[in-house]
Amino acid sequence: MIFYIARRLIWTIVVVLCVIGITYVVFFKLPAGNPALRFAGKSPTPQELAQVEHRLGLDKPWYVQFGRFAYHFFTGDQYGWPGLGYTYASGASVKSLIFSRAPRTLFLIAGAAVLWLFSGVAIGVISAVRRRTVTDRVAMGFALFGISTPVFWLGLMMLYIFWRQLGWAGGAGYVSPASSPTGFFSHMILPWITLAMLYAAFYARMTRNNLLETLGEDYIRTARAKGLSERRVILKHGLRASLTPIVTMFGMDIALLVGGAVITESVFNLQGLGYLAINSALTQDLPIVAGVVMLAAVAVALMNLIVDILYAFIDPRVRYA
Amino acid sequence: MSTGLPEPTRERDDRLLLDVRGLTVRFPTPDGVVQAVSDVSFQLRRGETLGVVGESGSGKSVSNLAIMGLLNRARTVISGEVEFKGRDLLTLSTDALRTVRGKEIAMVFQDPFACLHPMYRVGAQIAEAVTAHEDVPRERAWARAVELLDHVGIPNATSRARDYPHQFSGGMRQRAMIAMALVHNPDILICDEPTTALDVTVQAQILELIESVKREFDIGVILVTHDLGVVAETANSVMVMYAGRVMEYGPANGIFSRNSGERKTSSDVSRSAFPSAARPSKRTTHTTSRPTPVWYSSPPGRGWAKLR
Numbered sequence: 058m059i060f061y062i063a064r065r066l067i068w069t070i071v072v073v074l075c076v077i078g079i080t081y082v083v084f085f086k087l088p089a090g091n092p093a094l095r096f097a098g099k100s101p102t103p104q105e106l107a108q109v110e111h112r113l114g115l116d117k118p119w120y121v122q123f124g125r126f127a128y129h130f131f132t133g134d135q136y137g138w139p140g141l142g143y144t145y146a147s148g149a150s151v152k153s154l155i156f157s158r159a160p161r162t163l164f165l166i167a168g169a170a171v172l173w174l175f176s177g178v179a180i181g182v183i184s185a186v187r188r189r190t191v192t193d194r195v196a197m198g199f200a201l202f203g204i205s206t207p208v209f210w211l212g213l214m215m216l217y218i219f220w221r222q223l224g225w226a227g228g229a230g231y232v233s234p235a236s237s238p239t240g241f242f243s244h245m246i247l248p249w250i251t252l253a254m255l256y257a258a259f260y261a262r263m264t265r266n267n268l269l270e271t272l273g274e275d276y277i278r279t280a281r282a283k284g285l286s287e288r289r290v291i292l293k294h295g296l297r298a299s300l301t302p303i304v305t306m307f308g309m310d311i312a313l314l315v316g317g318a319v320i321t322e323s324v325f326n327l328q329g330l331g332y333l334a335i336n337s338a339l340t341q342d343l344p345i346v347a348g349v350v351m352l353a354a355v356a357v358a359l360m361n362l363i364v365d366i367l368y369a370f371i372d373p374r375v376r377y378a
Numbered sequence: 027m028s029t030g031l032p033e034p035t036r037e038r039d040d041r042l043l044l045d046v047r048g049l050t051v052r053f054p055t056p057d058g059v060v061q062a063v064s065d066v067s068f069q070l071r072r073g074e075t076l077g078v079v080g081e082s083g084s085g086k087s088v089s090n091l092a093i094m095g096l097l098n099r100a101r102t103v104i105s106g107e108v109e110f111k112g113r114d115l116l117t118l119s120t121d122a123l124r125t126v127r128g129k130e131i132a133m134v135f136q137d138p139f140a141c142l143h144p145m146y147r148v149g150a151q152i153a154e155a156v157t158a159h160e161d162v163p164r165e166r167a168w169a170r171a172v173e174l175l176d177h178v179g180i181p182n183a184t185s186r187a188r189d190y191p192h193q194f195s196g197g198m199r200q201r202a203m204i205a206m207a208l209v210h211n212p213d214i215l216i217c218d219e220p221t222t223a224l225d226v227t228v229q230a231q232i233l234e235l236i237e238s239v240k241r242e243f244d245i246g247v248i249l250v251t252h253d254l255g256v257v258a259e260t261a262n263s264v265m266v267m268y269a270g271r272v273m274e275y276g277p278a279n280g281i282f283s284r285n286s287g288e289r290k291t292s293s294d295v296s297r298s299a300f301p302s303a304a305r306p307s308k309r310t311t312h313t314t315s316r317p318t319p320v321w322y323s324s325p326p327g328r329g330w331a332k333l334r
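Just so you know, the sequences run in chain order A and B.
Residues in the first sequence are numbered from 58 upward in steps of one, following my numbering.
Residues in the second sequence are numbered from 27 upward in steps of one, following my numbering.
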């Protein structure tokens, strides 16, 4: 198991480097204009432009810059390890920039994930147990609504109803939990619900379908033949076997969101990682883009690993060689 | 007033476990009502093995599931009476039925590969059967599971109880299923084709195990099977089913002697099922070559009569 994890971690590093290499290629090979122009002042002379290019390291081919990035990443730079360099725009440390934005995105994901996992699975179970009843139809109607509603519209409606009209929740913007815990919750609850809605709908559908399939299995009949209560049959025997695909999806969903829940962040003006990534892509601030991309790639690879390890706990038939 | 001496007839009734009268099972479907079991009646006594034979779709399994209350009541129409220890199982509430299931009537299913939960340890699944009806601490339940696994012939039961089903062979899984069924010393053990999914050599061992369990605990066994050889060897009485109906029902020796001779019997089904060397006729396989009829309404007369 330890060898397995070590091997996977090494692969994770390789994958992350490949992803960032591709980011560099895309950045330099796609015609998007010279980033140096942005920082060289008004109508710069070729000498000034070359000077800026040299300062930002843009006079070297992409692979040299990528090599430099990788080198600094492993050995660290003036801001410590891992070295992510500094931004073109202000010369600030990319790492501290990411660290300052990451909590916003991570809090958003964590809260929403708890919400959607529990509500989604609960709705799915109820729907499966009460199959073809009004409850089931209402639940699946909710799922259809959640899946088909655009996040930006839902977010704006939430803000309008619960902040503007009812005043139950805080409006857009981010309040750090350290400065005001209540303010934090009041400002996060709407983004949480908005982001969770879409996923809860997916999870409810998936739980329902998986559970219905599982409940047709022979070992469910065995559980009933033992004289177990229906509740135990469904929750212990049925749900356990239906969990595997849900765990996979949960890991992937969280990982993908680390790259930025861009729309939710924008609607609620949270200025998290997604906002940072989009902004720096627009201003051609390569180091920040590379930093966020790396974080997202690491998240995907790590969540993959965690999901695989969780598999072994959930399903004993899975064995690692 | 009783004379104090056991009356022979009373004594026999005491040993009566199950009295099934006119059991009929219908499944309403969008295409019409499927009558899977029609007017099935039989009795089961302690120490008796009732062999139920018939081809696939003849209603063998469905009748047993109906007795166990394992058919979805919302989607089945069951009529008749299933009297067990003075109670009609068909009219029992779901909760009351659950206290019978796994405690007084236990069941072993056809495919041991699919019947154990793949994600729980074998011992835990048996221990769960213990705690389902008895409020005992976890360790006691586990000890009982180990004891039963040992009893049904699992070597190193203490360590094997910690295994998962996929670490067991088919025969061992079926042994584990039997151990699970024996947890509460049931009165009736229903075995629904317990050997169909197993190797031939293992089949004999499992049947032997069921037989020894029956003798040891003095219980009644319903043995559903395709295999008439099995029935001939172990059953005291035989019920032959076809298209949801009982074609023949009686003591095993009666049915077998009748069919092995030259005499033409009332049942084409059992006759066709005994491909006798003495009578190698073309007709020996005719019933099995036909598809089993699905009845969308109560069939008139005998199940196969219409097919002629």
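Ideal Cβ placement from N, Cα and C applies to all residues, glycine included.
(request) Using only alpha-carbon positions, find the residue among A:Ile345, A:Tyr260 and A:Gly98 that is nearest to valine 182 of chain A. (result) A:Tyr260
(request) Using alpha carbons as the reference points, say which of B:Thr251, B:Val209 and B:Ile93 lies closest to alanine 261 of chain B. (result) B:Thr251
(request) Could you tell me which residues DSSP puts in a beta bridge with aspartate 45 of chain B? (result) B:Gln69 and B:Glu109
(message) Contact between the stretch 116 to 129 of chain B and the stretch 174 to 188 of chain B is defined here as three or more beta-carbon pairs at a separation below 8 Å; is this criterion met?
(response) no
(message) DSSP has leucine 165 of chain A in a bridge; who is on the other side?
(response) None, per the DSSP bridge assignment.
(message) Give the list of continuous alpha helix (DSSP H) stretches no shorter than 4 residues that lie fully inside the stretch 181 to 230 of chain B.
(response) 183 to 186 and 196 to 208
(message) For the pair the stretch 209 to 218 of chain B and the stretch 241 to 259 of chain B, tell me if three or more CB-CB distances fall below 8 Å.
(response) yes
(message) Restricting to Cα atoms, I'd like to know which of A:Glu270, A:Ala334 and A:Tyr231 is closest to leucine 165 of chain A.
(response) A:Tyr231
(message) Nearest by alpha-carbon distance to threonine 264 of chain A: which of A:Trp220, A:Pro92 and A:Ile291 is it?
(response) A:Ile291
(message) Less than 7 Å between CB atoms is the rule here; does proline 139 of chain A satisfy it with respect to chain B?
(response) no
(message) Within 7 Å of any Cβ in chain A, is that where the Cβ of aspartate 40 of chain B sits?
(response) no
(message) Which same chain residues end up closer than 7 Å to threonine 305 of chain A when comparing Cβ atoms and leaving out the 5 residues on each side of it in sequence?
(response) Val364
(message) So, for alanine 132 of chain B: in the same chain, excluding its five sequence neighbours on each side, which residues have a beta-carbon less than 8 Å away from its beta-carbon?
(response) Met206, Ala207, Leu208, Val209, His210, Pro212, Ile214, Leu215 and Ile216
(request) Could you say which of A:Thr192, A:Ala347 and A:Ser286 lies nearest to histidine 129 of chain A if we only look at CA atoms? (result) A:Ala347
(message) Is it the case that the stretch 241 to 249 of chain A contacts the stretch 168 to 179 of chain A, given that we only count it when at least three CB pairs across the two stretches are under 8 Å?
(response) yes
(message) Quick check on leucine 57 of chain B: does DSSP put it in helix, strand or coil?
(response) Reading the sequence as shown, one finds aspartate at residue 57 of chain B and not leucine. If DSSP states are grouped into helix, strand and coil, aspartate 57 of chain B belongs with coil.
(message) Is the beta carbon of alanine 167 of chain B closer than 7 Å to that of threonine 157 of chain B?
(response) yes
(request) Determine the direct distance from the alpha carbon of leucine 123 of chain B to that of serine 82 of chain B, and round the result to whole angstroms. (result) 27 Å
(message) If I follow the unbroken alpha helix (DSSP H) through proline 138 of chain B, where does it start and stop?
(response) 138 to 141
(request) Please report the residue range of the alpha helix (DSSP H) in which glutamate 259 of chain B lies. (result) 254 to 260
(request) Would you tell me roughly how many angstroms separate the C-alpha atoms of aspartate 114 of chain B and alanine 100 of chain B, rounded to the nearest one? (result) 19 Å
(request) Could you say if the stretch 72 to 89 of chain A and the stretch 98 to 110 of chain A meet the contact criterion of at least three C-beta pairs nearer than 8 Å? (result) no
(message) The beta strand (DSSP E) that contains arginine 271 of chain B, what's its start and end?
(response) 271 to 277
(message) Per DSSP, what are the beta-bridge partners of leucine 387 of chain B in this structure?
(response) Outside the displayed range of chain B (27 to 334) lies residue 387 of chain B, so it cannot be described from this structure.
(message) So, for glutamate 130 of chain B: in the same chain, excluding its five sequence neighbours on each side, which residues have a beta-carbon less than 6 Å away from its beta-carbon?
(response) Pro212 and Asp213
(message) DSSP three-state label for serine 100 of chain A, please.
(response) coil
(message) Could you tell me the alpha carbon to alpha carbon distance between glycine 124 of chain A and tryptophan 225 of chain A, rounded to whole angstroms?
(response) 51 Å
(message) Along the stretch 218 to 236 of chain B, where does the CB come closer than 9 Å to a CB of chain A? Name the residues.
(response) none
(request) Would you mind sorting methionine 360 of chain A into buried or exposed? The rule is 16 or more other CB atoms within 10 Å of its CB. (result) buried
(message) Can you tell me whether proline 56 of chain B is buried or exposed? The criterion is at least 16 other CB atoms within 10 Å of its CB, across all chains shown.
(response) exposed
(message) Tell me which residues share the same chain as leucine 272 of chain A and place their Cβ nearer than 6 Å to its Cβ, disregarding the 5 neighbours each side in the sequence.
(response) Gly295
(request) Taking methionine 133 of chain B as part of the beta strand (DSSP E), name the residues at either end of that continuous run. (result) 131 to 134
(request) Take the Cβ of glutamate 322 of chain A as the centre, count every other Cβ of all protein chains shown within 10 Å, and call the residue buried at 16 or more, exposed below. (result) buried
(message) If I measure Cβ to Cβ from aspartate 40 of chain B and keep anything under 6 Å in the same chain, skipping five residues before and after, which residues do I get?
(response) none
(message) Please report whether the beta-carbon of arginine 161 of chain A lies at a distance below 7 Å from any beta-carbon of chain B.
(response) no
(message) Taking the alpha helix (DSSP H) that glutamine 341 of chain A belongs to, which residues open and close that run?
(response) It is not in any alpha helix (DSSP H) - glutamine 341 of chain A carries neither H nor E in the DSSP assignment.
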